[in-house]
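Positions -35 to -1, 1 to 361 (mature numbering (1 follows the signal peptide of the UniProt record, and there is no 0)) are the ones given, in order, by the sequence shown.
The C-beta atom is built at its ideal place from N, Cα and C for all residues, glycine as well.
Notes to accompany the following structure.
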Amino acid sequence: MASIWVSQPGTICNSKTWLLLVFIPLLQGPLCVESSPISNTHQRYRPAPGLGDGHGGVVDPSMLEQDSNMDMQSLLESLKEQFLRTFNLSGMGPPPLPDGSTREEPPEYMVELYNRFANDRTAMPTANIIRSFKNEVKPSVYHFRSGGVRRHLLLFNVSIPHHERVTAAELRLYTLVQTDRHLYAGVDQETERIELVELASRQVYGTDNGWEAFDLTAAVQRWRKSDHGTTHQLEVHIASGDMKIDISPEEKHKPLLIVFSDDQSNEEDLIQMRSNLIYDTASRIRRNAKGNHCKKQSLYVEFKDIGWDSWILAPTGYDAFECTGICSFPLTKHVTPTKHAIVQTLININSPQKAARACCVPTKLDPISLLYLDDTGVVTYKYKFEGMVVAECGCR
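Written out as structure tokens, the structure reads:
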């Protein structure tokens, strides 16, 4: 059994056998550099679309093809910037990967989180946005011993947009128990006296390797109110020879600081969203499926086809649906025409040159969940990203 304390500077604490201390030293110097939660550091140059160099002459067909590709690339980049701004990101997305390198796999915890809510559409997380901040201390300086106490240094850059409200935070550590250890055996000695404020404490039965979570909600909320910047250092103390933290360079078991936040989504909207997910829309789809009148039809989007697979981790694609067909007289009830659409349709029948037909457009949109990389490369899960799926079509 291990007694575990999560602490930060403030009081005197003596540590004994199986003691794990996590504390936050007062930071000074380069660790407390102020940084914006919405970084605009990674600026990218994008050439303006267009043909020619201003000198006239005959245009090479290959130049036309190249320019067409540039136009499409510029369009995709422009759409991506608009899309990212709705995430409250800078519009640039995560920094590009160096040539020949591959993207790191997201933490298992985040993938499991995404799959849990993707597979159970009636379940909802406690927060709309969940971020996983990785330890930024290199493995070579990850841990050291002092007075028989194993210490692990952790460093997290906790950048969260100011408008979001932090609802919970936890430090996740993967502990390793040596196979030749004896239960309840350890180093029965006091470690050095350090001024600490206890953040969390509990008993842990360390019989097997596994993840341990420590509630740091109050600490993270306090960090956001302080003027110490976004970078925070933690130190884990283990006063036992039988337990340690996995410090392997693999991503699988690296320490994580998980922060749950809410971007001020209305609770009523969340309840309404849940009901929208539960209600089956198959009958509505079947009702609209016949003929060429306004209806919803499938439109599957693969993110790799539009170059967004570099920052959207999951899903790889989704059915966005689209509205297709014509709004012809008489406008039936299922296309929910507005009064303006009805008047416009009547004018079109009598004088087509005066007014075009009403258009078949989305009248209701549903959200999807996304696992993605933010501007700084932080793996982020957003449960409710609005306006991504056509739920209903109508004439407008």
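Between residue i and residue j, is the Cβ-Cβ spacing less than 8 Å?
i, j, result
"C358", "C324", "no"
"Y348", "L278", "no"
"A285", "V354", "yes"
"P72", "S39", "no"
"D173", "V142", "yes"
"D227", "A92", "yes"
"N122", "T196", "yes"
"L119", "V102", "yes"
"T289", "Q262", "yes"
"I291", "R322", "yes"
"F350", "P332", "yes"
"R115", "K209", "yes"
So residue i and residue j are supposed to be a Cβ contact under 8 Å. How far apart are they, rounded?
i, j, result
"I125", "Y346", "Actually they do not touch by this definition, with Cβ atoms about 14 Å apart."
"G352", "L335", "Contact doesn't hold; Cβ gap of about 12 Å is too wide."
"P302", "L296", "4 Å"
"T140", "G175", "7 Å"
"N100", "K217", "Their Cβ separation, rounded to whole angstroms, is 13 Å, which puts N100 and K217 out of contact at 8 Å."
"G282", "V300", "Actually they do not touch by this definition, with Cβ atoms about 28 Å apart."
"M75", "V344", "5 Å"
Provide the residue span of the alpha helix (DSSP H) that contains residue i, from first to last.
i, result
"R86", "Premise fails: R86 is in no alpha helix (DSSP H) and is neither H nor E."
"Q186", "T182 to K190"
Where do the ends of the beta strand (DSSP E) carrying residue i lie?
i, result
"A133", "R130 to V142"
"Q309", "Careful: Q309 lies outside any beta strand (DSSP E), inside the alpha helix (DSSP H) at K304 to N315."
"T301", "It is not in any beta strand (DSSP E) - T301 carries neither H nor E in the DSSP assignment."
"R96", "I94 to K99"
"E282", "First, the residue type needs correcting, since residue 282 is Gly and not Glu in the sequence shown. Unbroken beta strand (DSSP E) run through G282: G282 to D284."
"H258", "Looking at the DSSP string, H258 is not in any beta strand (DSSP E), and its letter there is neither H nor E."
"H197", "T196 to I203"
"I333", "C325 to L338"
"F294", "No beta strand (DSSP E) contains F294, which DSSP labels as neither H nor E."
"T345", "V344 to C360"
"T289", "E287 to T289"
"Q224", "Per the sequence shown, the amino acid found at residue 224 is Val instead of Gln. Looking at the DSSP string, the run of the beta strand (DSSP E) that includes V224 is L221 to D227."
"E267", "Y265 to E267"
"N320", "Correcting the residue identity first, residue 320 is Ala in this sequence and not Asn. A320 -> no beta strand (DSSP E), and no H or E assigned at all."
"I277", "I277 to A279"
At a Cβ threshold of 8 Å, is residue i touching chain B?
i, result
"N174", "No chain B appears in the structure shown, which is made up of a single protein chain."
**Cβ contact (3+ pairs, closer than 8 Å) linking the segment 119 to 136 and the segment 190 to 202** = yes
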